[in-house]
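Input: a single structure, listed below in structure tokens.
Numbering (our numbering), first residue to last: 1394 to 1607.
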């Protein structure tokens, strides 16, 4: 076995020490055994997070988007309600979002009914969520698109979801997870390096993969 210098291509502050190269010659091929970077004290911090979240008693656990839809509604209506709750949740406490969703469900929270509801009434139903006037506009525009293009359902891809007014990548990834049961990405900001191009970049996913729990 020999050694190679593995730090030359890594950003400052994340340089690795030298690592050994181990060869497995059974099939004539060679393999490199590498170490992966992870944040300092990561496993210790992960233990604290798991302990803190063990009771699942935060407001989001009872009033988050996965709790705001009508479980007895048809599947496409449930998915629409998940998307609506995510749109309302931006810059809004979970308790306020949950209360607004209760009022919308009592009113009739389907894409068709949102389109038929006048702006004044819709504003009364969702107030006091953050930026409620903008959200009235986005809900009406998005609902109209969903009725026209998807029969009242929501798109089943991130690309389709971010086309909707008021829906960004974070909401889209959460909607894919909650509404479609598909993990399409990570709904979080990443600050490992200024060179990263975002949470779905190859560099981000390659760096995150070895140490982030599945």
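Glycine is no exception: its CB is placed at the ideal position from the N, C-alpha and C atoms.
None of the values given here were measured: they were computed from a predicted structure.
| Query | Result |
| --- | --- |
| Measure the C-alpha to C-alpha separation of residue 1433 and residue 1443 and round it to an integer number of angstroms. | 17 Å |
| For residue 1517, which of 1504, 1500 and 1505 has the nearest alpha-carbon? | 1500 |
| Roughly how many angstroms lie between the CA atoms of residue 1465 and residue 1438, to the nearest whole one? | 39 Å |
| For residue 1572 and residue 1470, which I take to be in contact (beta-carbon distance under 8 Å), what is that distance rounded to the nearest angstrom? | Incorrect: roughly 11 Å between the Cβ atoms, too far for contact. |
| By the three-class DSSP mapping on this structure, what secondary structure does residue 1574 have? | coil |
| So, for residue 1560: in the same chain, excluding its five sequence neighbours on each side, which residues have a beta-carbon less than 6 Å away from its beta-carbon? | 1554 |
| Compute the Euclidean distance between the alpha carbons of residue 1486 and residue 1522, then round it to the nearest angstrom. | 8 Å |
| What residue does the alpha helix (DSSP H) around residue 1452 start on, and which one ends it? | 1452-1456 |
| Can you tell me which of 1447, 1488 and 1480 puts its alpha carbon nearest to the alpha carbon of residue 1524? | 1480 |
| Which of the three DSSP states is assigned to residue 1460 in this structure? | helix |
| Check residue 1562 in the structure and name its three-state DSSP category. | helix |
| Going along the chain, which residues of its own chain have a beta-carbon closer than 8 Å to the beta-carbon of residue 1519, five neighbours each way excluded? | 1481, 1493, 1496, 1497, 1525, 1528, 1529 and 1532 |
| Do you know how far the Cα of residue 1436 is from the Cα of residue 1415? | The pLDDT assigned to residue 1415 is 48, lower than 50, so where the model puts this residue is not dependable; a value taken from the coordinates is nonetheless given after this. Each residue's alpha carbon lies about 27 Å from the other. |
| Spatial neighbours of residue 1564 within its chain, please: CB distance less than 6 Å, with the 5 preceding and 5 following residues excluded, ordered by chain position. | 1479 |
| Rounded to whole angstroms, what's the CA-CA distance from residue 1441 to residue 1447? Just pull it up for me. | 10 Å |
| What is the rounded straight-line gap between the Cα of residue 1508 and the Cα of residue 1558? | 14 Å |
| From residue 1445 to residue 1453, what distance separates their C-alpha atoms? | 14 Å |
| Quick one: measure Cβ to Cβ for residue 1491 and residue 1456, integer angstroms, because I've assumed they're closer than 8 Å. | 3 Å |
| How should residue 1551 be labelled, buried or exposed, when 16 other C-beta atoms within 10 angstroms of its C-beta is the threshold for buried? | buried |
| Please determine, among 1541, 1540, 1477 and 1488, the residue with the shortest C-alpha to C-alpha distance to residue 1515. | 1477 |
| State the Cα-Cα distance for the pair residue 1566 and residue 1510, rounded to the nearest angstrom. | 28 Å |
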